[in-house]
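Engineer: Residue numbers (our numbering): 69 to 1197.
Where is the CB? At the ideal position from N, CA and C, for every residue including glycine.
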């Protein structure tokens, strides 16, 4: 749609600019679909309806155009709402409808009363801004509603509520009782008891923050660990790609605004059954299949581009999520404590707007997310959803990692929902904002739009006036726009000027009131029987379990997310030689820019929609238990565990019973926190999960976080046949909940066994009980299991939260015997054996049509190539430490990993950022880069998504830059005259191929006969570990390898399929230019997708130039390191 960000058009414009060295031209793009077969007009209309989501696209015209220039009417004034002060209740209600406001009648009356004291009518901007500021999304108005009275049907809930009241009294809490207070009281109480020693508190609340000690190359340093969860439910429901992309973008921005480097992510989604026919789609809704697949594409596109290792991806299924999709992103980040400055802004300080420009496409994001969904949402919500621009946010990550920059920032806020009004409005009590200074994507925006438009890739930074020039210069060095847009003042009022007129002038006291006080009476729900039904037979139970949507394989979903960027992934998402056993907690080394550490962050989640629907109290309590148990099962200690919650409930309105569900859940979570002594130090609530008569299930997801050594990580796949497998369980009380003392003792016992080396693998049972645990632990290494005869169906199919299934290394007498691991893929119960192949097929096939991963591979075999050079090529570099130049383009994301690998190899890496903000910047970058090539002995083009792999294909952005006259000449001189080297990995390899540097050894004009890299056979991104075999020892880049050596290497790409004609392949074999091939477990080159992830010709993974000095490969060898990928390597 006009005004929305179009990455393809933007990248095309940037490519043209790189070639012309001029200003960026205007480019528009459209997709053309070819329809074939006998199609009626009705068929065509149905296809159009499926392809075109009116929220984000429209049918394009094929008519020729004389110009792409758009004429905008330039607004000059913002309307004042004359007569506002005289409106009666009916008139105010009509105004809410007319303006599409999210506030209610009490709020608008509260506004009217305020403006009466001001003696004037408000502007449209002021009302829209207040509506945004007070929205449920921004100010948690539902959670802050005062609870006047609660009635109970169950003693368990009533007792929990009494305990909550006692906790309030114990810390002298006198503020009103509300859901927010119930959700945060445990942290306050535990802190008062001295149990949250690591908590880092400040006025700047960007993300959950705890103090940790990071050992960097043997030196302990004080660091901050930050984590945050975020939802984008409403945007993803109506525009799945943009909604999901901006979900992860928004989650990243929170800890990023805390000046930390975000290195890990987890994605959880909630959906109804996507395998149902599209014809069953509810009116006013997109099909579930389209929502889940498009949202997965959006989130992965953004996360992969920005360079974020997504360690766990899971999808929770429940019919209630047909009301509104759930899109949750949780991220983890860290920064040296010395790099983070947090001070109160002072009068005279400046506010700098950093990053992306403002457009109309972000208006209404906050207020839209605060409304329930209705039949008209798809037609009316277009302006509320943005398209993200991940490379722009990557630039901010790089800038904030610079300690010189972070030391200048006194306070920072990210531009999420609410735009300027909230991002800048929250920074200080008194502010003068100049809306004319806000950079725009295009003309035609009025003051209201400039004030409230959400933007994905922007930050508001408070700096001292004397640091202005230095800060702006450093921003430009990272290819970022930065503009001073506001000044901090003494007077506690928020004012905004536009076109020389004041269009907002509101007191801070009124703005911070969050609107009219709300009151509610609540009826707590009756607890229903949540116990699982036990199957009549083992075979029936296992088949049903394997094909259960909440148990079955999500590998086809997860593998499209880059899980290894950052070279810190300790456990791959799926373990074992077959990479089939899913992990239960995300383990990643804390990201250290220079040097190495053995400290890792551990992050997990817990939630069961079926259980929570029957008893929100039990669901939330056991979500906390599950998330903590998953950390312990993965090897972390129970000490220093912190939580953050994601609440997602139906729109409660004024209905006391509907309010009872979040109340019950929060009471369950409160009890779990108090009894286990661990606290939620953050969270996010979303209270609009309704569509007509349909509601989402009561949802409280518990995320648990801690740190521990990477070497302590234990993965869940069975390690060897014959192992004895036991279950260790806590005692359970009459309510079916683990007894606290017993549970903590079990946690500590499991950790002790692991540290003593007595546990080979571990899994804590979740929604599918012990049966699910055994099934998934068997998958990774293609093993089976034989249950002990004493084990009953109830033992393995019931909920067993807080228990641990352990594969023991010896004959330790602990727990209850479950059985033994077998080397045959089968499952034996009560002396009856069932085929494992049938169970595994049910497990793998359930979502195969939605998220394919087991596509058929070509039947033919691939030749395994061996070329042993009689004489190896040795570079004539006469320096002890060769200098390696690493260019960073918009979209590059592997430069840190590459620089560290280069440094570890003994060379000197130099990272160079290409600046293309202006035509002059492009000229300057090209000239400087060419000079730096002359000072270097090698060029290393790192991976990433230069230009977002656009326009329509990877590497074109880099290619455009290297074909420039000065750069091309410098590269030619390096290779032809100075015996230099070049290497390109992934995106860098794609650029080398398109330039002709491989296989020809020089920059040439390529044609259709030349090799290329194209889209993977599976037609999506692939991220996993592959085996690559050295096929030639010709290249100096492979000087320490021998032909036949096999290496496990991470891959992460969507366009890695090497294509070449027979003649070219023959020449490459003859010349020894095929450097590496994808091979199977026997070391043979193969087309099998389990080993050859893209379908490359001859299973080629990497090739060289004729002399071997230019080397390109798809696998990320720079991501290899100590204690990484422990469940696969």
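#1: Determine the direct distance from the alpha carbon of residue 757 to that of residue 572, and round the result to whole angstroms.
#2: Which runs of the beta strand (DSSP E) fall wholly inside the segment 810 to 870 and span at least 3 residues, in chain order?
#3: What is the DSSP secondary structure of residue 471, reduced to helix, strand or coil?
#4: Counting Cβ pairs, one atom from each stretch, are 3 or more of them under 8 Å apart for the segment 747 to 755 and the segment 255 to 267?
#5: For residue 622 and residue 1195, I'd like the C-alpha separation in whole angstroms.
#6: Does DSSP put residue 297 in a helix, in a strand, or in coil?
#7: Output needed for residue 1190: all residues of its chain with C-beta closer than 6 Å, excluding positions within five of it in sequence on either side, in chain order.
#8: Taking the continuous beta strand (DSSP E) assigned at residue 420, which residues delimit it?
#9: What's the gap between the Cα of residue 1128 and the Cα of residue 1176?
#10: List the whole-angstrom C-beta distance separating residue 870 from residue 798, where the pair is believed to meet the contact cut-off of C-beta under 8 Å.
#11: Figure out for me which residue from 165, 1065, 790 and 837 has the closest Cα to the Cα of residue 679.
#12: For residue 152, which of 135, 122, 144 and 188 has the nearest alpha-carbon?
#13: Between which two residues does the alpha helix (DSSP H) carrying residue 118 extend?
#14: Considering residue 398, what are the terminal residues of the beta strand (DSSP E) in which it resides?
#15: At what residue ranges does the segment 499 to 555 contain a whole run of the beta strand (DSSP E), taking only runs of 3 or more?
#16: How far does the alpha helix (DSSP H) with residue 321 in it reach, from first residue to last?
#17: Which partner residues of residue 1103 appear in the DSSP bridge assignment?
#18: Keeping to the same chain, check which residues put their C-beta closer than 8 Å to that of residue 1103; ignore five residues upstream and five downstream.
#19: Where does the unbroken alpha helix (DSSP H) through residue 97 begin, and where does it stop?
#20: How would you call residue 277, buried or exposed, if buried means at least 16 neighbouring beta carbons within 10 angstroms?
#21: So is residue 907 buried or exposed if we call it buried at 16+ other beta carbons inside 10 Å?
#22: Can you give the Cα-Cα distance for residue 366 and residue 456, rounded to whole angstroms?
#23: Please return the same chain residues whose Cβ sits closer than 6 Å to the Cβ of residue 626, not counting the five positions on each side in sequence.
#24: Going by DSSP, what residue range makes up the alpha helix (DSSP H) through residue 936?
#25: Identify the continuous beta strand (DSSP E) that holds residue 1210 and give its terminal residues.
#26: According to DSSP, simplified to helix, strand and coil, what is residue 360?
#27: According to DSSP, residue 667 sits in a beta bridge with which residue or residues?
#28: Excluding five sequence neighbours on each side, which residues of the same chain lie with their C-beta closer than 6 Å to the C-beta of residue 1041?
#29: I'd like the list of long-range same chain contacts for residue 411, defined as Cβ closer than 8 Å, with 5 residues on each side in sequence excluded.
#30: Short check: CB of residue 295 to CB of residue 400, under 7 Å?
#31: Decide if the segment 403 to 421 is in contact with the segment 492 to 501; the criterion is three or more beta carbon pairs, one per stretch, under 8 Å apart.
#32: I want to check one thing, is the minimum distance from the CB of residue 472 to the heavy atoms of the ligand HEM below 6 Å?
#33: Would you list, in sequence order, the uninterrupted alpha helix (DSSP H) runs of no fewer than 4 residues that lie entirely inside the segment 115 to 188?
#34: With DSSP run on the structure shown, which of helix, strand or coil describes residue 72?
#35: Kindly indicate which three-state DSSP category residue 1083 falls into: helix, strand or coil?
#36: Alpha carbon to alpha carbon, what distance is there between residue 659 and residue 937?
Structural biologist: On the basis of the supplied data:
#1: The straight-line gap separating the alpha-carbon atoms of residue 572 and residue 757 is approximately 33 Å.
#2: Along the length of the segment 810 to 870, whole beta strand (DSSP E) runs at least 3 residues long occupy 827 to 831 and 852 to 855, reported in chain order.
#3: DSSP, reduced to helix, strand and coil, places residue 471 within a helical segment of the structure shown.
#4: Contact check between the segment 747 to 755 and the segment 255 to 267: three or more CB pairs, one atom from each, fall below 8 Å, which counts as touching.
#5: When rounded, the distance between both Cα atoms is 18 Å.
#6: Strand.
#7: If you ignore the 5 residues before and after residue 1190, its C-beta comes within less than 6 Å of no other C-beta in its own chain.
#8: 418 to 423 is the extent of the beta strand (DSSP E) around residue 420.
#9: Going from the Cα of residue 1128 to the Cα of residue 1176 covers about 19 Å.
#10: Confirmed, Cβ separation roughly 5 Å.
#11: It is 837 whose Cα lies nearest to the Cα of residue 679.
#12: That would be 188, whose Cα lies nearest to the Cα of residue 152.
#13: Unbroken alpha helix (DSSP H) run through residue 118: 109 to 119.
#14: 394 to 404 is the extent of the beta strand (DSSP E) around residue 398.
#15: 499 to 502 and 526 to 531, all fully within the segment 499 to 555.
#16: Start and end: 308 to 325.
#17: For residue 1103, DSSP records no beta bridge to any residue.
#18: The beta carbon of residue 1103 is closer than 8 Å to those of 941, 1143, 1172, 1176, 1177 and 1179 in its chain, skipping five residues each way along the sequence.
#19: Unbroken run through residue 97: none, as it is neither H nor E.
#20: Around the C-beta of residue 277, 16 or more other C-beta atoms lie within 10 Å, and the residue is accordingly described as buried.
#21: By the neighbour-count criterion, in which 16 or more other beta carbons inside 10 Å mark a residue as buried, residue 907 falls on the buried side.
#22: Take the alpha-carbon of residue 366 and the one of residue 456: they are about 9 Å apart.
#23: Cβ neighbours of residue 626 beyond the five flanking positions: 381 and 641.
#24: Run containing residue 936: none; DSSP gives neither H nor E here.
#25: Nothing can be reported for residue 1210: it is not among the residues displayed for the chain, which extend from 69 to 1197.
#26: Shown here, residue 360 sits in a helix according to DSSP, grouped into three states.
#27: Assignment of beta-bridge partners to residue 667 by DSSP yields 777.
#28: None.
#29: So the list reads 478 and 479, once near-sequence residues are dropped.
#30: Yes. Within cutoff.
#31: The answer is yes - the segment 492 to 501 touches the segment 403 to 421, with three or more Cβ pairs under 8 Å.
#32: Within the structure as shown, the ligand HEM is missing, as the structure has no ligands at all.
#33: Qualifying alpha helix (DSSP H) stretches, in chain order: 157 to 167 and 173 to 186.
#34: Per DSSP, reduced to three states, the secondary structure at residue 72 is coil, with no helix or strand assignment.
#35: DSSP places residue 1083 in coil when its eight states are reduced to three.
#36: Near 39 Å, if we compare the C-alpha coordinates of residue 659 and residue 937.
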